[in-house]
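A.B. asks: Residue 184 in numbering that gives the first Met the number 0 is what sits at position 185 of the sequence shown, and the numbering runs on without skipping anything.
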Amino acid sequence: MKPRPDLSVVAPIYNEAGNLATLHGELTAALEALGRPYELVFVDDGSRDGSQQVLRQLAARDPRLKVLLLRRNSGQTAALRAGIDQAAGAIILTIDSDLQNDPADIGRLIAKLDEGYDLVSGWRRERQDHALRRNLPSRLANRLVSRLSGVPLHDYGCALKAYRAEFLKPIRLYGEMHRFLPIFVHRQGARIAEIPVGHRARRYGTSKYGLNRVFKVLYDLYLLRYTEGYFQKPMYHFGDHALRFGGLALVALGLAFIGLVLPLPEGLRSPWWAVAAVAGVGCWAALQLGLLADAAKRIYYENQNLTPYEVAERINCGD
Numbered sequence: 000m001k002p003r004p005d006l007s008v009v010a011p012i013y014n015e016a017g018n019l020a021t022l023h024g025e026l027t028a029a030l031e032a033l034g035r036p037y038e039l040v041f042v043d044d045g046s047r048d049g050s051q052q053v054l055r056q057l058a059a060r061d062p063r064l065k066v067l068l069l070r071r072n073s074g075q076t077a078a079l080r081a082g083i084d085q086a087a088g089a090i091i092l093t094i095d096s097d098l099q100n101d102p103a104d105i106g107r108l109i110a111k112l113d114e115g116y117d118l119v120s121g122w123r124r125e126r127q128d129h130a131l132r133r134n135l136p137s138r139l140a141n142r143l144v145s146r147l148s149g150v151p152l153h154d155y156g157c158a159l160k161a162y163r164a165e166f167l168k169p170i171r172l173y174g175e176m177h178r179f180l181p182i183f184v185h186r187q188g189a190r191i192a193e194i195p196v197g198h199r200a201r202r203y204g205t206s207k208y209g210l211n212r213v214f215k216v217l218y219d220l221y222l223l224r225y226t227e228g229y230f231q232k233p234m235y236h237f238g239d240h241a242l243r244f245g246g247l248a249l250v251a252l253g254l255a256f257i258g259l260v261l262p263l264p265e266g267l268r269s270p271w272w273a274v275a276a277v278a279g280v281g282c283w284a285a286l287q288l289g290l291l292a293d294a295a296k297r298i299y300y301e302n303q304n305l306t307p308y309e310v311a312e313r314i315n316c317g318d
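Here it is in structure tokens:
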């Protein structure tokens, strides 16, 4: 039997065939320099560009490379969770497969972790991305998430992170919640540090992110705030909203009665007030339905011990 590794490096992959050989070589060089037992866990998320063939070739030459081929494209969060579930190391590192993270920084992350931290997050201080399309929305999102979560980090989106497995393994990831992993780990009492890491321009392939990601972050942040404050007591959440809308209804009812006695200004008689009220209620109802749907999803997966991914093939993963 192979000895249990100290380090597991998890890399989700989607259409990165041109980067995989270089990624494997750079990771191998960085990890062997540390002199600690390690493994690589590459998770292909339904690629269609030949990535799976490249992964099979790499795994045939390197028994320390575990490969999971997912049956279909399930998203980065699901692929990351599949790799974490498979990882056997006491320390689990995550990294992007597009070569923009520098594997040479792994040693610095682990050295910081050894100072007594449970999570060390990379900070891409000098990002090599489009300033307006990628960097500005990322900075705004990081400030918002840090402020609302109480976990101040400069760069939630940096994939290069090092975790102690006992804090990471129990977390059940769904949807696109991988970007909030530091918050979930912090809830368990983890000590968190952040260090600057290198960032390189993409050489092959295309970015999988666009401006629409900002809205996804906002939706997930709303969900995160709900689960943090109200998941164990949802009636308080719905009760607060009920009080607000009840108060609004009383005001509207009062204006209606006043309108029977006194002539109201034209603005208060305009139907646009009713339209705005209906739209506001519709927005609120949609958010609450989203919360209920997410809770139902968690019940569906966890009560049946299901996962949000399906593995078609495992390579070098043993039993």
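Glycine is no exception: its CB is placed at the ideal position from the N, C-alpha and C atoms.
1) Considering D319, what are the terminal residues of the alpha helix (DSSP H) in which it resides?
2) Taking the alpha-carbon of I5 as reference, which of I91, Y116 and L242 has the nearest alpha-carbon?
3) If you count every other CB in all the chains shown that lies within 10 Å of the CB of I191, and 16 or more means buried, which is it?
4) Identify the residues that DSSP records as bridge partners of Y37: which are they?
5) Measuring straight from C-alpha to C-alpha, what distance separates N315 and L67?
6) Which runs of the alpha helix (DSSP H) spanning at least 4 residues fall entirely within the segment 92-124, listed in chain order?
7) DSSP on D154, reduced to helix/strand/coil?
8) Where does K168 fall in DSSP's three states?
9) Identify which residue in T27, T21 and A59 has its Cα closest to the Cα of R313.
10) If distances are taken between C-alpha atoms only, which option among L291, K111 and Y173 comes closest to A81?
11) Tell me A192's beta-bridge partners as DSSP assigns them.
12) So, at 6 Å on beta carbons, what are the nonlocal neighbours of R3 in its own chain, with the 5 sequence-adjacent residues on each side left out?
13) Beta-carbon separation of A161 and L112 under 9 Å?
14) According to DSSP, what are the bridge partners of A161?
C.D. replies: Considering the structure as presented:
1) Because the chain is modelled from 0 through 318, residue 319 falls outside the range shown and cannot be assessed.
2) The sequence position of residue 5 within the sequence shown is 6, counting from 1. Ile is not the amino acid found at residue 5; the sequence shown has Asp there. Measuring from the Cα of D5, the nearest candidate turns out to be I91.
3) Looking up residue 191 in the sequence shown gives position 192. With 16 or more Cβ atoms within 10 Å of its Cβ, I191 is classed as buried.
4) Position 38 of the sequence shown, counted from the start, is the residue given in the question as residue 37. For Y37, the beta-bridge partners assigned by DSSP are L6.
5) Here residue 315 corresponds to residue number 316 of the sequence shown, with the count starting at 1. Here residue 67 corresponds to residue number 68 of the sequence shown, with the count starting at 1. A straight-line Cα-Cα distance of about 9 Å links N315 and L67.
6) For the segment 92-124, whole alpha helix (DSSP H) runs of length 4 or above, ordered along the chain, are 105-112.
7) Position 155 of the sequence shown, counted from the first residue, corresponds to residue 154. If DSSP states are grouped into helix, strand and coil, D154 belongs with coil.
8) Reading the sequence shown from its first residue, position 169 is the one you call residue 168. It is coil, neither helix nor strand.
9) Here residue 313 refers to the residue found at position 314 of the sequence shown. Looking at the Cα atoms, A59 is the closest of the given residues.
10) The residue given as residue 81 occupies position 82 in the sequence shown. Nearest C-alpha to A81: Y173.
11) Mapped onto the sequence shown, residue 192 falls at position 193. When DSSP reads this structure, A192 sits in a beta bridge with V119.
12) Here residue 3 refers to the residue found at position 4 of the sequence shown. Excluding the 5 residues flanking it on each side, R3 has same chain C-beta neighbours closer than 6 Å at A87, in chain order.
13) Reading the sequence shown from its first residue, position 162 is the one you call residue 161. Reading the sequence shown from its first residue, position 113 is the one you call residue 112. Yes.
14) Along the sequence shown, read from residue 1 onward, the residue named residue 161 stands at position 162. Bridge partners of A161: L92 and V119.
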